[in-house]
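Here is the structure we will look at.
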DNA sequence: TTGATCTTGACCTTTACTGACCAAACGAAT
DNA sequence: ATTCGTTTGGTCAGTAAAGGTCAAGATCAA
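Protein chains in written order, with the numbering used here: chain A, 1 to 153; chain B, 1001 to 1153.
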């Protein structure tokens, strides 16, 4: 198992077991327990706990410093999908697209069938006929059209 | 025996003997064992483990990367979708795509949200960045991937 | 012969990991 | 209040470790 996955799992577990659903940790201590360099914690936070994936990360340096990770509170349905659509730029990489779909599904904004369908439509394998340099643009378009349509249900 | 057949057989064997019916492999390692170049694994996956043939391929790059191949479980009630997927050729015009979606929705094979989503993804508007002559090919691909994904649960 | 399928290798993109160096917050001494 | 050492976390560039793409050539089958 990748070390990054172990770190992510650890943080997720902390979030699940804590009373308020957030994880509060100390960077050096966690790095010591898991056995990695401290900066890898930052790598995991920035690659797997981004706002687009539905997480909020706050931190403080100095004595008594901490890192707190919590799930972003989800807004009402229509405004959530609209907000996500508006946040998508002209291009969208496959991994970011998958994260968006996962987050919307977790938040209950997409049915399982719709989520699976969208995930398939934005996966890299669906674009093999399209030149590599253009895929992310088409994907962004596709995602916006689909989420907009999903909103109207 | 062709090398591609050997690779396909190897993957199939992995799937049969694994506990969950899926094969998880590392591209370079498998290429080394079988004695072919790594990229041939991709060729085999894209020619013999397509959604139309009933397989789902997922992969991840980077350290600790992997390729996972699994067989799509087909429930009796979704044989309709399977049949539709198989009946789609290499190209698919927008009007035919809309008709297919409408029929599947009417038949109760798609939820309303999924139907709206798919309809958006195969509508002409979604393809304005793609050269006209290529749209129907991409659309056919997109439709097959989405319907295949929609059959899974 | 000719079109489809197979094979290969050079080059590319993404993801993971590490460590040196940086920046901020705290607290005690002045 | 200022200074300064200590304790945190932050950044970034480099390296390594995967898988992906593409086009050219080889082989096979009709």
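Here a beta-carbon is modelled for each residue, glycine too, at the ideal position from N, C-alpha and C.
Tell me whether residue i is buried or exposed, calling it buried when 16 or more other Cβ atoms sit within 10 Å of its Cβ.
i	result
residue 66 (chain A)	exposed
residue 1017 (chain B)	exposed
residue 41 (chain A)	buried
residue 1061 (chain B)	exposed
residue 1052 (chain B)	exposed
residue 44 (chain A)	buried
residue 133 (chain A)	exposed
residue 1113 (chain B)	buried
residue 54 (chain A)	buried
Helix, strand or coil for residue i per DSSP?
i	result
residue 1122 (chain B)	coil
residue 57 (chain A)	strand
residue 11 (chain A)	helix
residue 1129 (chain B)	coil
residue 1111 (chain B)	coil
residue 1032 (chain B)	helix
residue 1081 (chain B)	helix
residue 1088 (chain B)	coil
residue 1001 (chain B)	coil
residue 1152 (chain B)	coil
residue 50 (chain A)	coil
residue 73 (chain A)	coil
residue 178 (chain A)	No information on residue 178 (chain A) is available, as it lies outside the stretch 1 to 153 that chain A covers here.
residue 18 (chain A)	coil
residue 1037 (chain B)	coil
Could you check the C-alpha separation between residue i and residue j for me, to the nearest Å?
i	j	result
residue 131 (chain A)	residue 1139 (chain B)	15 Å
residue 34 (chain A)	residue 6 (chain A)	8 Å
residue 1135 (chain B)	residue 49 (chain A)	36 Å
residue 141 (chain A)	residue 20 (chain A)	37 Å
residue 1091 (chain B)	residue 1144 (chain B)	11 Å
residue 1001 (chain B)	residue 1010 (chain B)	13 Å
residue 63 (chain A)	residue 1149 (chain B)	50 Å
residue 1037 (chain B)	residue 47 (chain A)	31 Å
residue 24 (chain A)	residue 81 (chain A)	29 Å
residue 1072 (chain B)	residue 59 (chain A)	43 Å
residue 1108 (chain B)	residue 1028 (chain B)	44 Å
residue 1031 (chain B)	residue 1146 (chain B)	30 Å
residue 1173 (chain B)	residue 13 (chain A)	Because chain B here runs from 1001 to 1153, residue 1173 (chain B) falls outside it and cannot be looked at.
residue 117 (chain A)	residue 56 (chain A)	27 Å
residue 8 (chain A)	residue 1125 (chain B)	39 Å
residue 1154 (chain B)	residue 85 (chain A)	A question about residue 1154 (chain B) goes unanswered here, because the residues of chain B that appear run from 1001 up to 1153.
With a CB to CB cut of under 8 Å and the five nearest residues on each side skipped, what residues in its chain are close to residue i?
i	result
residue 98 (chain A)	119, 122, 123
residue 26 (chain A)	65, 66, 67
residue 96 (chain A)	52
residue 4 (chain A)	40, 43, 44, 47, 48
Let me check one thing: in DSSP terms, what residues is residue i bridge-paired to?
i	result
residue 24 (chain A)	A:68
Tell me which same chain residues have a C-beta within less than 7 Å of the C-beta of residue i, skipping the five on either side of it?
i	result
residue 22 (chain A)	15, 68, 69, 70
residue 88 (chain A)	140, 143, 144
Going by beta carbon distance, what residues of the same chain come within less than 6 Å of residue i, once the five residues before and after it are set aside?
i	result
residue 1110 (chain B)	1104
residue 115 (chain A)	101, 105
residue 93 (chain A)	136
CB of residue i to nearest heavy atom of the ligand MN: below 6 Å?
i	result
residue 1131 (chain B)	Ligands are entirely absent from the displayed structure, and the ligand MN is therefore not among its contents.
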